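A.B. asks: Take a look at this one; I'll ask things after.
In mature numbering (1 follows the signal peptide of the UniProt record, and there is no 0), the protein residues as written are -18 to -1, 1 to 224.
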């Protein structure tokens, strides 16, 4: 049986890493399904936004151009994720497991903020930047998070720590889809009440991602560094035993 403190550390780590990855993976699909209760392609809202901004700037919007930019906005998460995965090992070894997660929370929060203000500044470019930043963080989270969780627990329960990582990913994916339902946050009246317009992107990326990310990072400051990292990488056996 794990001590309560160790369970809390695992949960905080999962919220800071696995939850972010799962939610950002699923959230791009959920809010784009309903506009005035009519089923639309998954990127229709973001395409409409790009088309409107382009028309405001240049007088017209080419459909092919809008489609390409919308695809870049959506796939920016994957491109950033590739970069994040490639640098995850370097960050984990140079900064430490815990500190790497804390550092990665910066691009995650910044990316959420960029996406949140895209309509206010009338810029689709900022969506691309935001998705890239979030992708970098989440790509690295997929490696650093499970690594930290597996190293912080005894060998006998290491498998359970891995299960918690995957469970949090699936939970956040499910949550992102549920919140897009018409009966919850996907209603015609709720979105204008919250933002003054149907800004699905802003709501789902602001409160439901920034808050867990900041809260999880703040609590992670109270957690210890990985003893394996301290012993093998930092060569500090006394601190590792403590």
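Just so you know, even glycine gets a beta-carbon here, dropped at the ideal spot from N, CA and C. Please read these numbers as outputs of a predicted model, since none were measured by experiment.
Hey, quick one: how far does the alpha helix (DSSP H) through residue 81 stretch, first residue to last?
C.D. replies: 79 to 98
A.B. asks: Return the chain-ordered list of same chain residues with a C-beta closer than 6 Å to the C-beta of residue 89, the five sequence neighbours on each side being excluded.
C.D. replies: 115, 118, 119
A.B. asks: Mapping the DSSP letters down to three states, classify residue 45 as helix, strand or coil.
C.D. replies: helix
A.B. asks: Measure the alpha-carbon distance for residue 121 versus residue 45 and round it to whole angstroms.
C.D. replies: 31 Å
A.B. asks: Within this structure, are the beta carbons of residue 56 and residue 28 separated by less than 9 Å?
C.D. replies: yes
A.B. asks: From residue 160 to residue -3, what distance separates their C-alpha atoms?
C.D. replies: 21 Å
A.B. asks: Go to residue 215, then tell me how far its alpha helix (DSSP H) extends in each direction, as first and last residue.
C.D. replies: Segment: none, residue 215 is in no alpha helix (DSSP H) and carries neither H nor E.
A.B. asks: Is residue 87 closer than 9 Å to residue 8 when the C-beta atoms are compared?
C.D. replies: no
A.B. asks: Where residue 62 and residue 113 are concerned, what is the direct C-alpha to C-alpha distance, given to the nearest angstrom?
C.D. replies: 7 Å
A.B. asks: In this structure, how does DSSP classify residue 137 when only helix, strand and coil are distinguished?
C.D. replies: Three-state result, residue 137: helix.
A.B. asks: Label residue 79 either buried or exposed according to how many other C-beta atoms from any shown protein chain fall within 10 Å of its C-beta, with 16 as the threshold for buried.
C.D. replies: It is buried - the Cβ of residue 79 has at least 16 other Cβ atoms within 10 Å.
A.B. asks: I'd like to know whether the C-beta atoms of residue 107 and residue 209 end up nearer to each other than 9 Å.
C.D. replies: No; because the gap between Cβ atoms is not below 9 Å, this pair is not in contact.
A.B. asks: Could you give the DSSP three-state label for residue 210: helix, strand or coil?
C.D. replies: helix
A.B. asks: In angstroms, rounded to a whole number, what distance separates the CA positions of residue 4 and residue 48?
C.D. replies: 27 Å
A.B. asks: So, do the region 140 to 150 and the region -17 to -3 have three or more beta carbon pairs nearer to each other than 8 Å?
C.D. replies: Counting Cβ pairs under 8 Å, three or more are found: they touch.
A.B. asks: Do you know how far the Cα of residue -16 is from the Cα of residue 204?
C.D. replies: 16 Å
A.B. asks: Could you tell me the distance, in whole angstroms, from the CA atom of residue 51 to the CA atom of residue 143?
C.D. replies: 39 Å
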